[in-house]
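Residue numbering for the sequence shown follows this note's numbering, starting at 933 and increasing by one per position.
The beta carbon of each residue, even a glycine, is placed where N, CA and C say it ideally should be.
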Amino acid sequence: MTLHSVDLRTTGQFPALLLDYLDQKPTLDSFYSIFPTLENAEKAILNKKGFTADKRKTLVDVLTKQYRGLPYLPDFSVLLEENTFTVTSGHQLNIFTGPLYIIYKIVTIIKLAEALKAKYPQYNFVPIYWMATEDHDFEEIASFHLFGQTHKWTGEHKGAVGKLNPKELAGILKQLPDKPLLFAKAYLENNTLADAVRCYMHELFGRYGLISLDADNADLKRHFLPVIQEELKDSISEKLVTETTSRLNALGYHTPLHAREINFFYLDDNLRERIVREDGVFKVLNTELEFSEDELLALAETNPERFSPNVILRPLYEEVILPNLAYIGGPSEVPYWMQLKGVFEHFNVPYPMLMPRNFALYMNGHQYKKAQKLKIDYKDLFLDEIALRKTFIERNTEHELNLNDQKEAFNAIFDQILSKATEVDQTMHGAVKAEQTRLLNSLKHLEKRIVRAEERNHESEIEQLLTLKNKLFPNGIAQERYDNLLNFYINDPQFIQKLYNAFDPLDFRYNVLLED
């Protein structure tokens, strides 16, 4: 596989806040802690050295229970050592791994852990996949695209998706080509979606050292209890996030998150609903549950697992329970983490190195040969169809297609006409300028006809180009956000290894992966 890199800015796919962060724009310095480089990682290590032995033991105990029954278990005991740290990425439990970029997240953290180990051999670095088991957006995880078909998990499902029964996916498994045994085993031999995802992630990435964590756990949340209590009493995160967001907005950036008064859900079997405060009473939306402040605080003491952090507090929860140095996220995750810096500072929790995952566009051998034949500049593939046509014609024509010289000549002539006409009568100015505009519009119309004529001369190549573009951007969506791992893995079981070989976690460019 050959790698070609494209600057993120040229793709037109990324928010300004992410791009300016990666360019280390000075106005953003106060919104993060340590810019992600191998050299800067030493600061992150020093910041996290205070991570307690008690938290490490809880983490290892929980992981040991969660991995019970799986083969070739990781050595969790390394996480007990004070010189061991983690690098983390998280995502929802999309069925059959969901879009490709979830795989890219995992490969990025694996490669980052290895790069850190090479730089700092005296420390250990463990890649952690944070399974968003508490998420309740079933629609967001319930479908995937494979070989032009959309497969969807149907039915009414409530509560945390991690508790759903994966055996319901048996019908989809029967529809898939070559019934992938990896997913059949995971979904049909486990009782919860969380266990199923851990099973196939371990099969795919266990040999690379990946550990998958389900943080929906009372023992882990007990370490988060001070945050739960303060949030319920003082709604502190709303104030902090609103202030940070206002500063980012004042700099002209769009911010994706909006903090609520209380940033916890109430979590129970088949239930994950927001906790709200109305007239001093705490209520769980869409239920009859009500609590006084004392009752709710008492419940947090006895059952912290009932309190599920939303997107505002989940990053803090991650950093409280993990000896984490870096969080790897997508193009919207990195910006929203930057809205949370004040929350981390308030709770005196070290803010991790924040970095984007690897981005990639994969071209198989046939597509690569087609691209070579068409002499494509790979960054042009990110253009829309109109711009792509125009760019291709301009690059491949043997003719001068614009009438710029002729327009300049017309303008020079009309300057002379205008001068002569207004010498005779000043009121002629409008008539002359109107005629000039009419004739220039005629030239522009002729120019478009010349371009269309040249497009007809290249009709076959343009059709091939647009066919390739549509394959790589199905339905106008970036491949990594649409296609599923199985589109590539079924025919090439080495696909993940190829990604592993190609990715550099600290190269913040778009990877175009070319199959020779």
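When we look at the beta-carbon of residue i and count the other beta-carbons within 10 Å, is it buried (16 or more) or exposed?
| i | result |
| --- | --- |
| G1138 | buried |
| Q1338 | exposed |
| Y1132 | buried |
| E1250 | buried |
| I1409 | exposed |
| L1096 | buried |
| P891 | In the structure as shown, the chain begins at 933 and stops at 1448. Residue 891 is therefore absent and cannot be evaluated. |
| I1345 | exposed |
| G1001 | exposed |
Rounded to the nearest angstrom, how far is the Cβ of residue i from that of residue j, given a contact under 8 angstroms?
| i | j | result |
| --- | --- | --- |
| F1314 | T1040 | That belief does not hold up - the Cβ atoms of F1314 and T1040 are roughly 20 angstroms apart, past 8 angstroms. |
| L1438 | P1053 | Not quite, the Cβ-Cβ distance comes to about 18 angstroms (not below 8 angstroms), so this is no contact. |
| A976 | L1254 | At roughly 13 angstroms, the Cβ-Cβ gap does not stay under 8 angstroms, so A976 and L1254 are not in contact. |
| Y1033 | R1370 | That pair is no contact at about 51 angstroms. |
| E1277 | L1398 | With 8 angstroms as the limit, E1277 and L1398 do not qualify as a contact, their Cβ atoms being about 50 angstroms apart. |
| E1175 | N1195 | Actually they are not in contact, since the Cβ atoms of E1175 and N1195 sit about 15 angstroms apart, beyond 8 angstroms. |
| V1173 | L1105 | Actually they are not in contact, since the Cβ atoms of V1173 and L1105 sit about 42 angstroms apart, beyond 8 angstroms. |
| N1242 | F1279 | So it is not a contact: roughly 16 angstroms between Cβ atoms. |
| L954 | M1270 | The Cβ separation is near 12 angstroms, so there is no contact. |
| M933 | K1430 | 5 angstroms |
| Y1140 | I1035 | At roughly 12 angstroms, the Cβ-Cβ gap does not stay under 8 angstroms, so Y1140 and I1035 are not in contact. |
| L1372 | F1342 | 6 angstroms |
| A973 | K1037 | That belief does not hold up - the Cβ atoms of A973 and K1037 are roughly 19 angstroms apart, past 8 angstroms. |
| Q1411 | Y1294 | 7 angstroms |
| D1146 | Q998 | 6 angstroms |
| P1406 | N979 | Contact flag wrong, Cβ pair sits at about 42 angstroms. |
What residue does the beta strand (DSSP E) around residue i start on, and which one ends it?
| i | result |
| --- | --- |
| S1240 | 1239–1241 |
| G1261 | 1256–1261 |
| L1293 | 1291–1295 |
| Q1081 | 1081–1084 |
| L1078 | 1075–1078 |
| L1125 | Not the beta strand (DSSP E): L1125 falls in the alpha helix (DSSP H), residues 1125–1137. |
| N1056 | 1056–1063 |
| I1207 | 1203–1210 |
| H936 | 934–938 |
| V1213 | 1213–1216 |
Check this for me: beta carbons of residue i and residue j, under 7 angstroms apart or not?
| i | j | result |
| --- | --- | --- |
| D1296 | E1447 | For the record, residue 1296 in the displayed sequence is Asn; it is not Asp. Result yes, Cβ atoms of N1296 and E1447 sit closer than 7 angstroms. |
| E1205 | L1217 | yes |
| A1074 | K1084 | yes |
| T1018 | D1148 | no |
| H936 | V1444 | yes |
| L1025 | L1125 | yes |
| L1108 | Y1119 | no |
| I1027 | F1076 | yes |
| V1364 | L1350 | yes |
| L1286 | Y964 | yes |
| D908 | I1428 | As displayed, the chain neither begins before 933 nor continues past 1448, which places residue 908 out of reach and without an answer. |
| V1252 | I1143 | no |
| E1193 | S1167 | yes |
| I1260 | S1021 | yes |
| F1214 | L1228 | yes |
| P1188 | P1284 | no |
| F1115 | V1093 | no |
Where does the unbroken alpha helix (DSSP H) through residue i begin, and where does it stop?
| i | result |
| --- | --- |
| L951 | 948–954 |
| P1269 | According to the sequence provided, residue 1269 is Trp. The question's Pro does not apply to it. Unbroken alpha helix (DSSP H) run through W1269: 1265–1270. |
| K1049 | 1032–1051 |
| K1401 | 1391–1404 |
| Y1442 | Premise fails: Y1442 lies in the beta strand (DSSP E), 1442–1446, not in any alpha helix (DSSP H). |
| F1225 | According to the sequence displayed, residue 1225 carries Glu and not Phe. Per DSSP, E1225 belongs to the alpha helix (DSSP H) from 1225–1234. |
| S1178 | 1168–1182 |
| T1018 | Careful: T1018 lies outside any alpha helix (DSSP H), inside the beta strand (DSSP E) at 1016–1023. |
| Y1432 | 1427–1434 |
| I1104 | 1102–1107 |
Going by C-alpha to C-alpha distance, which of the options sits closest to residue i?
| i | options | result |
| --- | --- | --- |
| L1152 | G982, L1371, Q956, K989 | K989 |
| L1011 | I1060, L1221, A973, R1154 | I1060 |
| Y1442 | T934, H1377, D939 | D939 |
| H1186 | N1423, L951, P1425, T934 | L951 |
| P1288 | E1014, D1436, A1341 | D1436 |
| S1264 | T984, L970, A1434, H1023 | H1023 |
| Y1432 | D1200, K987, L1044 | L1044 |
| T1016 | K1106, E1046, K1037, R1000 | E1046 |
| L1418 | L1136, L1002, F1156, T1354 | L1136 |
| K1049 | F1420, E971, Y1198 | E971 |
| L1248 | S1169, E1121, S1009 | S1169 |
| L1306 | Y1294, L1320, L1293 | L1320 |
| N1416 | F1008, V992, T1029 | T1029 |
| E1014 | G982, A1366, P1006 | G982 |
Distance cutoff 7 angstroms, beta carbons only. Does residue i sit that close to anything in chain C?
| i | result |
| --- | --- |
| F1405 | In the structure shown, chain C does not exist; there is a single protein chain. |
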